[in-house]
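Student: Here it is, the structure in full.
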């Protein structure tokens, strides 16, 4: 795999340069998934047969069936309940695709075209199971999903057509094979398998489309733009000189340019970018590639929306692509928000816009605003409209016939009911009756909608759902009826007569039929003007249609108000007029009837479209994609536009172009008729993800946008940012954009500065140093720092508490470059905040946050080591994305020393924070200190915890020195006991001591008896310590030396060992160790000048270490205090109980006695 060059000698050289890296990347992706095969979604095959419709290689094509997944997400089978789950490594995939779950909450394979599967007779627990002796797995590629026919039982199954790597040399033991074996008196044959599974490996659709594109296998083969980008210069991005002339510009283009420049909320760089791009709509003299450079927060999405809106007004057929479905949906939503505010009539005009893609992954059902333009929904709507037996023409003619000759329609209805005919007209009538019942059943829903003041569109949605459900139910009923009739051919006539339905009266028939047909016509008309392009249906026709609906709505109450016998209603509807009752109700009904018929007859029965009434017809999709003015899809999905006869695309707009592999962009660049391309992105943010290190080094992930920038192709900069507080934007602007980005006036305003939490640490921008953290490797694949995770959780908890108190809306984003850390933080935070509408928390990787923004961003950098190793954290593009997601506050958590030693962008960031006085230590905040201490105890990170400089003891009255024996012993005790030890140490560091009467003497004689202190931790353990003397600058200072924490029986042995150690102390040192200075209720350490030997008064600390204790520790302290107050000498307990002491009290010098 050679490095992909920056310039190319020919189109062939260009295409061939990507192929080796593409193969390597496909291989790496498959290998990565193979190692995770135990977690991959799987499913048992119900049947396996060789396909008959394929010729070559015929023996490699097969059809397989799965039992359909029921509504509860479970297939109709027992074996799949053991199906394993699949870890989805990419945040993008995690959002777009979530496989259904079984009873154990594990993944079940959901078929998709392009899936590569492993066929095996066992569900693999690891990759070795696929290569065990006796059965080698087969690879299978899913190349088609079959839709079940309406007249068979296949709708119980998911049917796949697969292409295998080798011929299948075994049979699947199904019910038919079992029956034959039993009849023959044989057991299962040698080549028969009782169970066969498919295991999902990878979806290859995108890579296959890239392969076809690089090998020029796509329709169109337009190489004009590709020819222009082989070797480029800055002049290649310039506008056409011919089109720049005012004389050559159309009035429409000039008018649109004036409209753009008149927008008050656009800055100069945005206006210039839009005007430059819309000028391409009329240029046919050259092929141009324009680069729009959109750094974070510079209004790129807004600019793209207005650009596309302008192109729609100019009727310039444009394809808009992006690397992912989410990015496509974002830009589509922005465009729709502009379009819906400008539509001339209701949803008329949306037919000029179409969104194509995978509905499940795009979650269209959860994005109502996209339903009207989604391709699959449009095809279904047009199917309803143009189905010959139930669509627009049939419904319109039926309604006209009913109003013109109701008596004839009624006679036919009665005849069909009486004959009890199972075919022909009766089928249509029965289907229509079912639909009428469905609409009647939804009457209460309609009334509820009206009560809530929701008009028009909501009612139609209910009707539409009712009609669709009615059709589905009718199909099911007809299928069930055919089965029953095949088994009940000899049903007695008497029983058949009992099944007959009552025949409606003429009056009821007319009213119900009119009600149903007019409601159905309403739905169909909305579908027509919503989903047909404006080139097919004019606004005048739409207004005539809605005018006809208005007249029908006027006729409806008149018809319902008539309550006469059948003969009277017949006369009225047949045009009978009574001269004496010209102004009567009957006369108005007759007049309105005639007016409706006339208006309905004026409506078109046909439209200039192909035969598209079949849902699966490619013609319907081709029609929708080929006639829309604006088409939206992923770059890979643009392969669907490479079809003959489609109206050419004039302009290509690629959003997030810097994240799109150049080889993938060739799919859209080769579209027939394409003349210009506009690439919008920022090469200084994250590029496309690449799995293979080899392909990454070959620049396989490089975008066309980035390559053209390297070649100094002209790019237009959006130079004003609207997202970040100036304190946040300062560092990224300096480091990544050479100070070329301006802060907008809006972010400079005073009300843009928000203080969500009290304290300077929680200002707009700060680096919070978490020195006590510890990085861990998660199975060698990713890294995490659980102390940092605890700090994040504590900050989020404080924000939530403040949000509830102030009732202010907050959106919080937590970013970490490591997936293991993302998972750890998600586990700590859990679902605690999901139910609160005013408070949202999103935890994602850097890659998952690109393009997003939140009020507060907390970054967890994770790395904590002495060498300054930060791995891929050093990537400047990744750092840029992480640092530019916040609107009001950005708080960066990390180990300052590690990041400074890394000599990367993070060293600059820490240094910058210190220079700006935005650098803070996490232990300066009480809640963060508690969180860090809890996490250290929970994780057993005691090396940091029992450190003299640890936050717990840093500001204490008494300093500690811990022996090696103590460090070893504390590792062996349980977590609860560790907490009790910490509690006791905190009390000792504050100056608390037991009363002399409570002193536990270990040995009655010797040096130890004078110095050694034995404090009970609990009923099993004791803490052994002494006062010691250390040199501190020019003074000798008392400290506490902790020797060990031991069970009671081991104390004598320790005392004997320490007797020799303490016996080496000089008399002077012994006396100084025994001296005490009491302030109030507390003992404070003494200091002696090394020159004069005079004792100095000790300083009081600013912070009581007891305040740093978390709730579990605090409860232990209170318990110990209560025990002290119930000692045997209550008169003295007050002086030796746990207290913070009285500041400024006069010390008493005591000469200790031998006790």
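In full-length UniProt numbering, the protein residues as written are 1 to 1155. Note that CB positions come from ideal geometry on N, CA and C, so glycine has one too. It should be emphasised that the depicted structure is a prediction, and the values quoted were computed from it without experimental measurement.
1. I want to know whether the segment 730-747 touches the segment 829-838 - three or more CB-CB distances under 8 Å.
2. Go through its chain and collect everything with a Cβ distance to residue 378's Cβ below 7 Å, but skip five positions before and after it.
3. Could you name the residues of the same chain whose beta carbon sits closer than 7 Å to that of residue 17, not counting the 5 residues immediately before and after it, in chain order?
4. Where does the unbroken alpha helix (DSSP H) through residue 1077 begin, and where does it stop?
5. Would you decide whether residue 598 is buried or exposed? Buried here means 16 or more other CB atoms lie within 10 Å of its CB.
6. Check whether the Cβ atoms of residue 513 and residue 402 lie closer than 8 Å to each other.
7. Can you tell me whether residue 13 is buried or exposed? The criterion is at least 16 other CB atoms within 10 Å of its CB, across all chains shown.
8. One question on the structure: do residue 651 and residue 311 come within less than 8 Å of each other, judged by their Cβ atoms?
9. Would you call the segment 875-889 and the segment 916-926 touching, i.e. three or more CB-CB distances under 8 Å?
10. To the nearest angstrom, how far is it from the Cα of residue 1030 to the Cα of residue 1037?
11. Our contact map puts residue 922 next to residue 933 with C-beta atoms below 8 Å; I'd like the distance itself, whole angstroms only.
12. Looking at residue 22: is its Cβ nearer than 8 Å to the Cβ of residue 629?
13. Taking the alpha-carbon positions, what's the residue 1051 to residue 1042 distance?
14. With a threshold of 16 other CB atoms inside 10 Å of the CB of residue 724, please say whether the residue is buried or exposed.
15. Tell me whether the segment 964-983 and the segment 1015-1032 touch, counting them as touching only if at least three CB pairs, one residue from each stretch, are closer than 8 Å.
16. Using DSSP bridges, identify the partner residues of residue 322.
17. Can you have a look at residue 270 and say buried or exposed, based on whether 16 or more other CB atoms are within 10 angstroms of its CB?
18. Measure the CB-CB distance between residue 778 and residue 895 and report whether it falls below 8 Å.
19. Of the choices 807, 798 and 847, whose alpha-carbon is the least far from that of residue 829?
20. Exposed or buried, which one is residue 115 when buried takes at least 16 other CB atoms within 10 Å?
21. With a threshold of 7 Å on Cβ separation, who are the neighbours of residue 864 within its own chain once the five nearest residues in sequence on each side are excluded?
22. Should residue 506 go down as buried or exposed, given a rule of 16 or more other Cβ atoms within 10 Å for buried?
23. Just to confirm the assignment, what range does the alpha helix (DSSP H) spanning residue 211 have?
24. Please state whether DSSP places residue 1025 in a helix, a strand or coil.
25. Is residue 296 helix, strand or coil by DSSP?
26. Within 10 angstroms of its Cβ, does residue 668 collect 16 or more other Cβ (buried), or is it exposed?
27. From what residue to what residue does the beta strand (DSSP E) around residue 681 run?
28. By the three-class DSSP mapping on this structure, what secondary structure does residue 392 have?
29. Could you give the first and the last residue of the continuous beta strand (DSSP E) run that contains residue 770?
30. In this structure, how does DSSP classify residue 115 when only helix, strand and coil are distinguished?
31. Find the nearest neighbour of residue 1048 within the set 416, 1077 and 1014, judged by alpha-carbon distance.
32. What is the rounded straight-line gap between the Cα of residue 860 and the Cα of residue 880?
33. Grab the span of the alpha helix (DSSP H) containing residue 36 for me, first residue to last.
34. In the DSSP assignment, find the unbroken alpha helix (DSSP H) run with residue 877 in it and report its ends.
35. Take every Cβ of the segment 43-54, pair it with every Cβ of the segment 716-732, and state whether three or more of those distances are shorter than 8 Å.
36. Measure the alpha-carbon distance for residue 1085 versus residue 1078 and round it to whole angstroms.
Tutor: If we stick to the structure as given:
1. At 8 Å Cβ cutoff, the stretches do not touch.
2. Only 354, 531 and 624 meet the Cβ criterion.
3. Counting only residues of its own chain and dropping the five nearest sequence neighbours on each side, residue 17 has a CB closer than 7 Å to the CB of 4, 5 and 8.
4. Not the alpha helix (DSSP H): residue 1077 falls in the beta strand (DSSP E), residues 1076-1079.
5. Under a 10 Å Cβ-count criterion, residue 598 is classified as exposed, with fewer than 16 other Cβ atoms of the shown protein chains found around its own Cβ.
6. Taking 8 Å as the Cβ cut-off, residue 513 and residue 402 qualify as a contacting pair.
7. Taking a 10 Å sphere around the C-beta of residue 13, we find fewer than 16 other C-beta atoms and assign the residue as exposed.
8. With respect to the 8 Å criterion, residue 651 and residue 311 are classified as neighbours on the basis of their beta carbons.
9. As far as the Cβ criterion goes, the segment 875-889 does not touch the segment 916-926, which means the pair count is below three.
10. Each residue's CA atom was taken as its position, placing residue 1030 and residue 1037 some 5 Å apart.
11. Residue 922 to residue 933, Cβ: 11 Å. No contact.
12. No, Cβ-Cβ distance for residue 22 and residue 629 is not below 8 Å.
13. Each residue's alpha carbon lies about 14 Å from the other.
14. Buried, since its Cβ has 16 or more Cβ neighbours within 10 Å.
15. By the C-beta criterion, the segment 964-983 is judged to be in contact with the segment 1015-1032, since at least 3 inter-stretch pairs fall below 8 Å.
16. The partner list for residue 322 (beta bridge, DSSP) reads 634.
17. Taking all protein chains in view, the Cβ of residue 270 is crowded by 16 or more other Cβ atoms within 10 Å, so the residue is classified as buried.
18. Between residue 778 and residue 895, the C-beta spacing is not below 8 Å.
19. Of the residues 807, 798 and 847, the one whose Cα lies closest to the Cα of residue 829 is 798.
20. It counts as buried.
21. Excluding sequence neighbours, residue 864 sits near 773, 774, 775, 785, 895 and 898.
22. Under this definition residue 506 is a buried residue.
23. According to the DSSP assignment, residue 211 belongs to the alpha helix (DSSP H) that extends over 205-214.
24. In the three-state reduction of the DSSP assignment, residue 1025 falls in the strand class, which pools E and B.
25. Secondary structure at residue 296: coil, using DSSP grouped into helix, strand and coil.
26. Classification of residue 668: buried, given that the 10 Å Cβ count is 16 or more.
27. Run containing residue 681: 676-681, per the beta strand (DSSP E) assignment.
28. Residue state, collapsed to three classes: helix.
29. Looking at the DSSP string, residue 770 is not in any beta strand (DSSP E), and its letter there is neither H nor E.
30. Residue 115 falls in the strand class under three-state DSSP.
31. Residue 1014 holds the alpha-carbon nearest to the alpha-carbon of residue 1048 among 416, 1077 and 1014.
32. Those two C-alpha atoms are separated by around 14 Å.
33. Residue 36: not part of any alpha helix (DSSP H); DSSP gives it neither H nor E.
34. Unbroken alpha helix (DSSP H) run through residue 877: 876-883.
35. No: fewer than three Cβ pairs fall under 8 Å.
36. For the pair residue 1085 and residue 1078, the Cα-to-Cα distance works out to about 9 Å.
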